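Quick notes on the structure that follows.
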Amino acid sequence: MALRIDKDHQRFRQIVKGRIRKDLRKFLSRGELLGKEGKRYVSIPVRGIEIPNFRYGDNKDTGVGQGDGKPGDQVGDGEGSGPGGEQEGRHVMEVDVSLEELADILGEELSLPRIQPKGKNRITAEKDRYSGIRQAGPESLRHFKRSFKRALRRQIITGLYNPEDPRIIIERRDKQYRSWKTVLSPQSNAVIVYMMDVSGSMGDEQKELVRLEAFWIDAWLRRNFRGIDSRYIVHDVRAAEVDRETFYHLREDGGTRISSAFRTAIELLDKHYHSDEWNIYLFHFSDGDNSSESDSRECCKMLREQLLAKINLFGYCQVASAYGSGNFINVVLEQLGKEANVITSRVNNKDDIYESIKTFFSKGI
Amino acid sequence: MPLPIRIQTLPRHLAEWVETIAGYARREGLDFYETIFEMLDYDQMSQVAAYGGFPQRYPHWRFGMEYEQLRKSQTYGLSKIYEMVINNDPCYAYLLSDNSLTDQKLVMAHVYGHCDFFKNNIWFAHTNRRMIDQMANHATRVRRHVERFGYEVVERFIDTCLSLEELIDPYSLFMKREPSRQVIKESEQQNKPDNDAVRYPAKPYMERYINPPSPKKTIDPEAAARARGHRIIPLKPLRDLLLFLLHQAPLADWQADILSIIREEAYYFAPQGQTKIMNEGWASYWHSTLMTRYILRDDEVITYADHHSGTMASSPGRLNPYKIGIELLRDIEYRWNTGRHGKEFDECKDMAARRKWNAGRTVPERVVGMDSPGRQKIFEVRRVHNDITFIDEFLTPEFVDRFKLYHYRADPTTGKMVIVNRNFDQIKQGLLVMLANHCRPYIYVVDGNYANRGELYLAHKHNGFDIDIRYAVETLKNLYNIWSRPVHLQAHIDNDMILFSFDGNQSQQQRINEKELPKPAHRIG
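For the protein sequence lines, the chains are A and B, in the order given. All letters in the first sequence, in the order written, are residues 0 to 364 by numbering that gives the first Met the number 0. All letters in the second sequence, in the order written, are residues 0 to 524 by numbering that gives the first Met the number 0.
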């Protein structure tokens, strides 16, 4: 039911969104959001939404309480509710925002175009709608009105209908049942394949960057496609598909052969994700320290020959690391810089994520 | 299109209970305006609560924020609003539609306690008893301004006013107040004939056409203020900043209208803040008395006891106004029934003697219930006291001991709150400080023409606690938006006297000493 307060509520949400948009750069680079990610909502701390007034400061840390205890005992869980404690949520307020709203804010602020699903052979989903009528069916689906009308018509035609005593008897042949029709509705699906280098040179700091970047990539793509699959591949000199948890926490030592990851990705796509039916996004995160130049070239060859034609986008995100040459990005740019669906970005610290997301998605592919 | 709020009428059995309970309440001596109960569902209840109990308020996002928070905490089961009641004639009270019958009866009994308090407590004497209509009028007026000047302009101005809304003087209600700006304007306009215009004789109905009114002259605010005889420098430091601004600040008419709306509503709500403990205590005293004496059926006792104790529960470090209020009232009733009051009793420091007070004497005939001296006393208390005088007058060492009150303070080394002691004087002092001015700092208007430059000078009266600097600076910025000349606030911070200033571009803080204080400011501690 519409309430009078809905307008005020909408206005409040609008203000909150504006505030989030203003601070988006900060949110993009903050890990706190990820932990609070619920199923559909993210709880976001919003600052400065309250109205300032003259009030007592933090030094008002004394008061009167009620309960057991002797001098020196701690009160409650340390949160005093003396004169100062009655003020609600000092400075920061937590607001629930749905992931879609968040993605919309992201899209607006970064002026990201809507993604155009590629290809005509989009997958179609089947759905049953109860829109038809049949002569036979279960009693639970009997269409009473139609059945009654038929019975009435039959009785009038056969002269059995008596207006004085209008009793209608529905016979078996009169009965009509609802039935379903299968409707095909087009649906665009997408799969994101995240690949990450977990060799010794990728430390916790680098992984945190990847995690943040992946969160926002996920949020934006989810906004644009209805069903999204995420697959995760880790590699050092060998590659393997892993679950999300492992992806972010696994740590290996040793060298790096990036081509191994691409090989696994090709296998994965061939097996499960036909490019006619899926919008495919491939993201690779690494510090760019590949074992050999020739392997890097091999990667580019694989991309060009086996992947680029099938996928919407290959995004390569190179995170800064204390070790290694970080040369892979140069090879990719040199070999594939002209390809429309290859985009690279460098992320040296959390502040770069903002630009990185923008780079990846500003083409709308 | 928003539907009107009144959609669920009271079911018949509840309507009958309303009658019955009102009867019991009257029999016990409660005296209230007619009380109309309405049923609301969760969502509507959240709306009404966000609107401060009213079905309608002026448009502002803050109500939306309240609503979202209330609804959220209700959805998560963190809180539940059982009832709301508005101080109005007739009183309006709302029942939550899916409460059990026991709860509904409890709420009704509780509501009659509130209604009696609204009608009879002296601090509510000056509140508008047609506030429901008035709030709707305010909403209409603000909407009209929104239509003329735009949503965001008006909203920004309301934000500014709300930032200052607590800067009123609740005690001034008991003095003769100056007429508000609007009244002055209208009466001035009506009484003052246009002297400088040439007038032709005309019949009354032709007057407007033959002698058209001259176009309004632009009003120089200072000249207007002088003409009205208001002093821009108050004789004594003033607490009612909003009134001062209404008289002295260069406001457009719509701005003055909005500011006066905010001020009027602040005065309406002020007594509820001043009497939180008493009001809730009184209502709880009565729901408990009426429920246990008349209303409860055997099978409802457990539910009632559960919900009553839930409302009265206090968590460590938090004082529950319901609990303190009801127990203090019961304590007063008990003391007056057993003669534990008066000069001799108050001055007796021997706890043992106090405990055995009057033990040997004959017991008066009626010691409980109606017409007992204790009951008469608490009726008197509910008539004349507010929270501060209530605590000041009736808190006893026995009470503090029995209800295990303690005084706590942050431990300087760990920063954690720890119990300091159970000293009666300190606890009483602590409670009084907590209640003073609804736990907001006392801010005074000292000078409206500071340094002879038309700047506004405010002062904080320090009573042991510093004000929050960050908020003070932000609030000063809002004040500047209204005053439109530099604004200053003098406040004690860490034993230094600091002058906070905002001149429209930047804010600054400087240390000042006694001699620099403008004239009346030296009188503020």
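In this text, a Cβ means the ideal position worked out from N, Cα and C, and glycines have one as well. Everything numeric in this text was worked out from a predicted model, so none of it was measured.
(message) With H, G and I counted as helix, E and B as strand and the rest as coil, what does DSSP make of residue 180 (chain A)?
(response) The sequence position of residue 180 (chain A) within the first sequence is 181, counting from 1. Correct three-state label for residue 180 (chain A): strand.
(request) Check residue 320 (chain B) in the structure and name its three-state DSSP category. (result) Taking the second sequence and counting its residues from 1, the one referred to as residue 320 (chain B) is at position 321. Residue 320 (chain B): helix per DSSP, three-state reduction.
(request) Please compile the residues from chain A whose C-beta is within a distance smaller than 7 Å of the C-beta of residue 530 (chain B). (result) Given a span of 0 to 524 for chain B in the structure shown, any question on residue 530 (chain B) remains unanswerable.
(request) Rounded to whole angstroms, what's the CA-CA distance from residue 12 (chain A) to residue 263 (chain B)? Just pull it up for me. (result) Taking the first residue of the first sequence as position 1, residue 12 (chain A) is located at position 13. Taking the first residue of the second sequence as position 1, residue 263 (chain B) is located at position 264. Each residue's Cα considered, the two are about 28 Å apart.
(request) Please name the residue or residues paired with residue 278 (chain A) in a DSSP beta bridge. (result) The residue you call residue 278 (chain A) lines up with position 279 of the first sequence. In DSSP, residue 278 (chain A) forms a bridge with A:189.
(message) I need the DSSP call for residue 412 (chain B), collapsed to helix, strand or coil.
(response) As a first step, residue 412 (chain B) is located in the second sequence; it is residue number 413 there, counting from the start. In this structure, residue 412 (chain B) counts as coil in the three-state DSSP scheme.
(request) For residue 162 (chain B), return the contacting residues in chain A, with the cut-off set at a CB-CB distance below 8 Å. (result) Taking the second sequence and counting its residues from 1, the one referred to as residue 162 (chain B) is at position 163. Going along chain A in sequence order, the residues near residue 162 (chain B) (Cβ under 8 Å) are 50, 51, 52.
(message) Can you tell me whether residue 514 (chain B) is helix, strand or coil according to DSSP?
(response) Taking the first residue of the second sequence as position 1, residue 514 (chain B) is located at position 515. Helix at residue 514 (chain B).
(request) Please classify residue 25 (chain B): is it buried, with 16 or more other beta-carbons within 10 angstroms of its beta-carbon, or exposed? (result) On the second sequence, residue 25 (chain B) is found 26 positions in, with the first residue counted as 1. With fewer than 16 other Cβ atoms within 10 Å, it is exposed.
(message) Give me the chain A residues within the contact set of residue 439 (chain B), using Cβ-Cβ distance strictly less than 9 Å, ordered along the chain.
(response) Translated into positions along the second sequence, residue 439 (chain B) becomes position 440. What residue 439 (chain B) touches in chain A: 52, 53, 54, 55.
(message) Restricting to Cα atoms, I'd like to know which of A:271, A:332, A:322 is closest to residue 314 (chain A).
(response) Here residue 314 (chain A) is taken as the residue at index 315 of the first sequence, counted from 1. For the residues A:271, A:332, A:322, the minimum Cα distance to residue 314 (chain A) belongs to A:332.
(message) Just checking: is the beta-carbon of residue 63 (chain B) within a distance shorter than 9 Å of some beta-carbon in chain A?
(response) In the second sequence, the residue the question calls residue 63 (chain B) occupies position 64. Yes, residue 63 (chain B) counts as interfacial toward chain A.
(message) Closer than 8 Å is the cut-off here; do at least three beta carbon pairs connect the region 77-93 of chain B with the region 108-128 of chain B?
(response) yes
(request) Indicate whether residue 359 (chain A) and residue 459 (chain B) have their beta-carbon atoms separated by less than 9 Å. (result) Here residue 359 (chain A) refers to the residue found at position 360 when the first sequence is read from its first residue. Here residue 459 (chain B) refers to the residue found at position 460 when the second sequence is read from its first residue. Against a cut-off of 9 Å, the Cβ pair of residue 459 (chain B) and residue 359 (chain A) comes out as no contact.
(message) Quick check on the DSSP output: what are the complete alpha helix (DSSP H) runs of length 4 or more inside the region 54-138 of chain B, in order along the chain?
(response) 60-74, 100-119
(request) Find the residues of chain A that neighbour residue 37 (chain B), judging by a C-beta separation of less than 7 Å, and give them in chain order. (result) Within the second sequence, residue 37 (chain B) is the residue found at index 38, counting from 1. Chain A residues near residue 37 (chain B): none, gap ~15 Å exceeds 7 Å.
(request) Determine, using beta carbons only, whether residue 69 (chain A) comes closer than 9 Å to chain B. (result) Start at 1 with the first residue of the first sequence, and residue 69 (chain A) comes out as number 70. Taking Cβ atoms only, chain B reaches closer than 9 Å to residue 69 (chain A), which makes this a yes.
(message) Could you check whether the Cβ of residue 397 (chain B) sits closer than 9 Å to any Cβ belonging to chain A?
(response) Translated into positions along the second sequence, residue 397 (chain B) becomes position 398. No - not a single Cβ of chain A is within 9 Å of the one on residue 397 (chain B).
(message) Using the Cβ count rule (16 or more neighbours within 10 Å means buried), how would you classify residue 316 (chain A)?
(response) Against the first sequence, residue 316 (chain A) aligns to sequence position 317. It is buried - the Cβ of residue 316 (chain A) has at least 16 other Cβ atoms within 10 Å.
(request) For residue 62 (chain A), go through chain B and note every residue whose CB falls closer than 7 Å to its CB, in chain order. (result) Residue 62 (chain A) sits at position 63 when you count from the first residue of the first sequence. Here the neighbours are 407, 429, 433.
(message) Could you check whether the region 410-424 of chain B touches the region 374-383 of chain B, counting it as contact only if at least three pairs of C-beta atoms, one from each stretch, sit closer than 8 Å?
(response) no
(request) Could you check which residue in A:106, A:193, A:338, A:291 has the C-alpha nearest to that of residue 303 (chain A)? (result) In the first sequence, counting from the first residue as 1, residue 303 (chain A) sits at position 304. The shortest C-alpha separation from residue 303 (chain A) is found at A:338.
(message) I'd like to know whether the C-beta atoms of residue 156 (chain B) and residue 257 (chain B) end up nearer to each other than 9 Å.
(response) Translated into the one-based positions of the second sequence, residue 156 (chain B) becomes position 157. Translated into the one-based positions of the second sequence, residue 257 (chain B) becomes position 258. Their beta carbons are under 9 Å apart, which means residue 156 (chain B) touches residue 257 (chain B) by this criterion.
(message) Quick check: the Cα distance between residue 146 (chain B) and residue 21 (chain A), rounded to an integer number of angstroms?
(response) For this step, residue 146 (chain B) is matched to residue 147 along the second sequence. For this step, residue 21 (chain A) is matched to residue 22 along the first sequence. The alpha-carbon atoms of residue 146 (chain B) and residue 21 (chain A) are separated by roughly 28 Å.
(message) My assumption, with CB atoms under 8 Å, is that residue 294 (chain A) sits in contact with residue 262 (chain A). Please give the rounded CB distance.
(response) Residue numbering aside, residue 294 (chain A) sits at position 295 when the first sequence is read from its first letter. Residue numbering aside, residue 262 (chain A) sits at position 263 when the first sequence is read from its first letter. At roughly 11 Å, the Cβ-Cβ gap does not stay under 8 Å, so residue 294 (chain A) and residue 262 (chain A) are not in contact.
(request) Could you tell me whether any Cβ in chain A is nearer than 9 Å to the Cβ of residue 209 (chain B)? (result) Here residue 209 (chain B) refers to the residue found at position 210 when the second sequence is read from its first residue. Chain A contact via Cβ: absent.
(message) In this structure, how does DSSP classify residue 28 (chain B) when only helix, strand and coil are distinguished?
(response) By 1-based counting over the second sequence, the position of residue 28 (chain B) is 29. Here residue 28 (chain B) sits in coil by DSSP.
(message) In the DSSP output, which residue or residues are listed as bridge partners for residue 353 (chain A)?
(response) Reading the first sequence from its first residue, position 354 is the one you call residue 353 (chain A). Partner(s): none; residue 353 (chain A) has no beta bridge.
(request) Just tell me which of B:85, B:79, B:72 has its CA closest to the CA of residue 525 (chain B). (result) A query on residue 525 (chain B) cannot be resolved here, the shown segment of chain B reaching from 0 to 524 and no further.
(message) Please classify residue 182 (chain A) as buried or exposed, where buried requires at least 16 neighbouring CB atoms within 10 angstroms.
(response) On the first sequence, residue 182 (chain A) is found 183 positions in, with the first residue counted as 1. Exposed, by the Cβ-count rule.
(message) For the region 442-469 of chain B, list every residue whose C-beta sits within 7 Å of some C-beta in chain A, in sequence order.
(response) 442, 464, 465, 466, 467, 468
(request) Verify the CB distance criterion: does residue 66 (chain B) have a CB-CB separation below 9 Å to chain A? (result) Looking up residue 66 (chain B) in the second sequence gives position 67. Yes, because at least one Cβ of chain A sits closer than 9 Å to the Cβ of residue 66 (chain B).
(message) So, with DSSP's three-state summary, where would you put residue 340 (chain A)?
(response) For the purposes of this step, residue 340 (chain A) is taken as the residue at position 341 of the first sequence. Looking at residue 340 (chain A) - three-state DSSP - the assignment turns out to be coil, as it is neither helix nor strand.
(request) Count the CB pairs spanning the region 194-205 of chain A and the region 138-148 of chain A that are closer than 8 Å, and state whether there are at least three. (result) no
(request) Can you pull the chain B residues whose beta carbon is under 8 Å from the beta carbon of residue 14 (chain A), in chain order? (result) Here the question's residue 14 (chain A) lines up with position 15 in the first sequence. Within 8 Å Cβ-Cβ: 60.
(message) So residue 402 (chain B) contacts chain A; which residues on that side make the cut at Cβ distance below 8 Å?
(response) Along the second sequence, read from residue 1 onward, the residue named residue 402 (chain B) stands at position 403. Correct list: 65.
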